[in-house]
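When we follow UniProt numbering, the leftmost residue of the sequence shown carries the number 1, and every step to the right adds one.
All residues carry an ideal CB built from backbone N, CA and C; glycine is no exception.
First the structure, in the form of structure tokens, and then the observations on it.
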Amino acid sequence: MLQQENFDALNIASAIGQSSPVYASLGGANSDYAIVTSGTGKALQISAPATAEGYRYMWKNGLPAAWTARTSGNNVFQVEFDYFTGPTSTSDNCGGVEVIDAAEEVFGGILVHHATKTVIGVYTTPAGAVSYTDVGTGTTPAAVTLPVNTWVRIGYAYNTANGTITFKGPGFSKVITGTLVTSPSEIDYAAHDVLETNAAASTHLIDNMLSRAVATESLFLATNDVVLKQQEVSIFPSPATDFITVESKAKILNAYIYDMSGVRSDANFSNGKVDVRKLPTGTYMLGLKTENGLLTKKFTKK
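So this is what it looks like as structure tokens:
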């Protein structure tokens with residue numbers, strides 16, 4: 001793990017100056033980067049202005065050292081996170097997570113346009129031009145539109161050896177080759193106007209960010225069983241018909257059900273059990289928000 005954040009250890013206040021290393025920002029006031037209540041846990045809320053070319057960026061230091069210390073051969077940098085699409089809106093602001101290199105080039109990122117709910121992939125060409133792309137199928141990618149007021153899990157994986165970037169989320173998996181070859185220096189929680197036409201304010205909720213160095217792209221795969229064992233987490237049975245039992249040494253702050261496309265819903269979690277009786281038959285991911293970060297486990301509902 002390079003960096004991760006579930007925001008639950010932070011106070012309900014501005015995120016700026018909290019955590020270790022502390023969070024810093026560019027653009028707006030400290031109050032634009034707020035830790036807010038989300039379900040039974042917390043999330044980051046970024047408020048973006050009603051102006052064209054407005055921007056908000058929040059980050060913490062330490063990524064270069066973590067990247068240097070990665071396992072040899074793990075040259076794919078990947079980020080995944082939960083994003084709340086929000087209500088109907090007229091704002092042209094976009095929100096999500098981006099990554100920059102030491103020269104402050106935005107070489108990877110994934111954003112959601114607040115008005116249209118379309119997903120936008122971000123990359124930089126070898127010539128240094130920041131590019132925005134739809135992430136659907138086709139040589140000219142089709143737009144992918146997410147439902148309103150829905151938590152989704154989205155992410156991207158960037159191969160630092162050859163510049164291949166993969167964008168993934170509900171209903172899409174888009175690969176772009178031949179982008180700028182570089183390495184990560186800073187993960188930015190971001191909200192800004194990519195169209196330079198905005199005239200409406202917006203808020204963007206982000207939660208459960210994980211960044212890893214891996215050998216091959218592995219976005220949204222379940223947490224390795226070795227990690228679950230190390231953290232003394234046990235999840236059973238699967239297949240399940242009514243309840244899933246969760247045993248964990250770490251405190252569980254929230255529980256979610258992700259369908260296999262990445263759409264998230266809150267789980268009914270009480271007394272160490274997750275109620276799955278109302279789920280249709282199929283395969284799902286159980287997400288556990290713990291004090292140590294997000295853990296996920298695939299299960300089948302009979």
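**OP:** Pick helix, strand or coil for SER47, following the three-state DSSP scheme.
**Re:** Taking the sequence shown and counting its residues from 1, the one referred to as residue 47 is at position 47. It is a strand residue.
**OP:** Assess, as a yes-or-no matter, whether the stretch 86-101 is touched by the stretch 170-185 under the definition of 3 or more beta carbon pairs within less than 8 angstroms.
**Re:** yes
Original post:
Unbroken beta strand (DSSP E) runs of length 3 or more, entirely within the stretch 172-260: which are they?
Top reply: 172-176, 186-193, 202-214, 233-236, 243-248, 252-259
**OP:** Could you have a look at LEU2 and say whether DSSP puts it in helix, strand or coil?
**Re:** The residue you call residue 2 lines up with position 2 of the sequence shown. If DSSP states are grouped into helix, strand and coil, LEU2 belongs with coil.
Subject >> Stretch-stretch touch, CB-based, cutoff 8 angstroms, three pairs: the stretch 21-28 with the stretch 63-83 >> reply: no
Original post:
With ARG153 and GLU80 assumed to form a contact (beta carbons below 8 angstroms), what rounded beta-carbon distance in angstroms separates them?
Top reply: Counting from one through the sequence shown, the residue named residue 153 turns up at place 153. Counting from one through the sequence shown, the residue named residue 80 turns up at place 80. Contact holds; Cβ gap of about 6 angstroms.
Original post:
DSSP three-state call for ASP8: helix, strand or coil?
Top reply: Start at 1 with the first residue of the sequence shown, and residue 8 comes out as number 8. Here ASP8 sits in coil by DSSP.
Original post:
When the Cα of VAL194 is compared with those of ASP207, SER131, GLY155, ALA157, which residue comes out closest?
Top reply: Here residue 194 is taken as the residue at index 194 of the sequence shown, counted from 1. Taking only the C-alpha atoms, the option nearest VAL194 is SER131.
Original post:
From GLU232, ASP275, LEU253, pick the residue whose C-alpha is nearest to that of THR245; which is it?
Top reply: Here residue 245 refers to the residue found at position 245 when the sequence shown is read from its first residue. If we check each option's Cα against that of THR245, ASP275 comes out closest.
Subject >> ASP82 - DSSP class collapsed to helix/strand/coil >> reply: Residue numbering aside, residue 82 sits at position 82 when the sequence shown is read from its first letter. In the structure shown, ASP82 sits in a strand (DSSP, three-state: E or B).
Subject >> Counted within 10 angstroms of its Cβ, other Cβ atoms place GLU217 as buried (16 or more) or exposed >> reply: Here residue 217 corresponds to residue number 217 of the sequence shown, with the count starting at 1. With 16 or more other Cβ atoms within 10 Å, it is buried.
Original post:
Within 10 angstroms of its Cβ, does VAL22 collect 16 or more other Cβ (buried), or is it exposed?
Top reply: Mapped onto the sequence shown, residue 22 falls at position 22. Result: exposed.
Original post:
What number of angstroms, rounded off, separates the C-alpha of PHE220 from the C-alpha of ASN162?
Top reply: To locate residue 220, count along the sequence shown from 1; it is residue 220. To locate residue 162, count along the sequence shown from 1; it is residue 162. Looking at the two C-alpha atoms, the distance is approximately 22 angstroms.
Original post:
Out of TRP59, GLN45, HIS113, which has the shortest C-alpha to C-alpha gap to TYR12?
Top reply: Taking the sequence shown and counting its residues from 1, one reaches residue 12 at position 12. Note on identity: in this sequence residue 12 is Ile, with Tyr being the wrong assignment. Ranking TRP59, GLN45, HIS113 by Cα distance to ILE12 puts GLN45 first.
**OP:** Kindly give me the distance between the Cβ atoms of LYS297 and ILE235, rounded to whole angstroms, as I take these residues to be in contact under 8 angstroms.
**Re:** Along the sequence shown, read from residue 1 onward, the residue named residue 297 stands at position 297. Along the sequence shown, read from residue 1 onward, the residue named residue 235 stands at position 235. The Cβ separation is near 5 angstroms, so the contact holds.
**OP:** Give the range of the beta strand (DSSP E) segment to which ALA24 is assigned.
**Re:** Taking the sequence shown and counting its residues from 1, one reaches residue 24 at position 24. Here the beta strand (DSSP E) through ALA24 covers 24-26.
**OP:** Output yes or no for whether 8 angstroms exceeds the beta carbon distance between residue 303 and PRO170.
**Re:** Past the edges of the chain, shown from 1 to 302, lies residue 303, and the structure says nothing about it.
**OP:** Just the C-alpha distance for PRO147 and LYS301, rounded to the nearest angstrom, thanks.
**Re:** As a working mapping, residue 147 is identified with position 147 in the sequence shown. As a working mapping, residue 301 is identified with position 301 in the sequence shown. Cα-Cα distance, rounded: 24 angstroms.
Original post:
Can you tell me whether DSSP reads SER270 as helix, strand or coil?
Top reply: Along the sequence shown, one-based indexing puts residue 270 at 270. Correct three-state label for SER270: strand.
Subject >> Limits of the unbroken alpha helix (DSSP H) element including THR124 >> reply: Locating residue 124 in the sequence shown gives position 124, counting from the first residue. Unbroken run through THR124 is the beta strand (DSSP E), 119-124; no alpha helix (DSSP H).
**OP:** Check the DSSP bridge columns for VAL276 and list the partner residues they point to.
**Re:** Along the sequence shown, read from residue 1 onward, the residue named residue 276 stands at position 276. DSSP, once it has assigned bridges, lists no residue as partnering VAL276.
Subject >> Rounded C-alpha distance that separates HIS204 from PHE84 >> reply: Position 204 of the sequence shown holds residue 204. Position 84 of the sequence shown holds residue 84. Roughly 7 angstroms separates the two Cα atoms.
Subject >> Strand pairing of GLU98, partner residues [DSSP] >> reply: The count along the sequence shown starts at 1 and reaches residue 98 at position 98. GLU98 is bridged to GLY109, ASP188.
Original post:
Do you know offhand how far LYS278's Cα is from PHE269's?
Top reply: As a first step, residue 278 must be located in the sequence shown, where it is residue number 278. As a first step, residue 269 must be located in the sequence shown, where it is residue number 269. Approximately 13 angstroms, taken between the alpha carbons.
Original post:
Where do the N-terminal and C-terminal ends of the alpha helix (DSSP H) with LEU63 fall, by residue?
Top reply: The count along the sequence shown starts at 1 and reaches residue 63 at position 63. Its alpha helix (DSSP H) spans residues 63-68.
Original post:
So what does SER131 bridge to, in DSSP terms?
Top reply: Position 131 of the sequence shown, counting from 1, holds the residue named residue 131. TYR123, per the DSSP bridge assignment.
**OP:** Take the Cβ of SER72 as the centre, count every other Cβ of all protein chains shown within 10 Å, and call the residue buried at 16 or more, exposed below.
**Re:** Sequence index remark: in the sequence shown, residue 72 carries index 72 (1-based). That one is exposed.
**OP:** Starting from LEU146, trace the beta strand (DSSP E) both ways and give me its first and last residue.
**Re:** One-based indexing of the sequence shown puts residue 146 at position 146. From DSSP, LEU146 is part of no beta strand (DSSP E); its letter is neither H nor E.
Original post:
Under the rule that 16 or more other beta-carbon atoms within 10 Å means buried, what is MET1, buried or exposed?
Top reply: Working through the sequence shown from its first residue, we reach residue 1 at position 1. Exposed is the call here.
Original post:
Do you know offhand how far ASN74's Cα is from PHE172's?
Top reply: In the sequence shown, counting from the first residue as 1, residue 74 sits at position 74. In the sequence shown, counting from the first residue as 1, residue 172 sits at position 172. Answer to the nearest angstrom: the Cα atoms are 24 angstroms apart.
Subject >> C-alpha distance - SER91 paired with GLU247, whole-angstrom precision >> reply: For the purposes of this step, residue 91 is taken as the residue at position 91 of the sequence shown. For the purposes of this step, residue 247 is taken as the residue at position 247 of the sequence shown. So the alpha carbons of these two residues sit roughly 43 angstroms apart.
Original post:
Just how far apart, CA to CA, sit ASP134 and GLY109?
Top reply: Your numbering for residue 134 matches position 134 in the sequence shown. Your numbering for residue 109 matches position 109 in the sequence shown. If you take the alpha carbons of ASP134 and GLY109, they lie about 12 angstroms apart.
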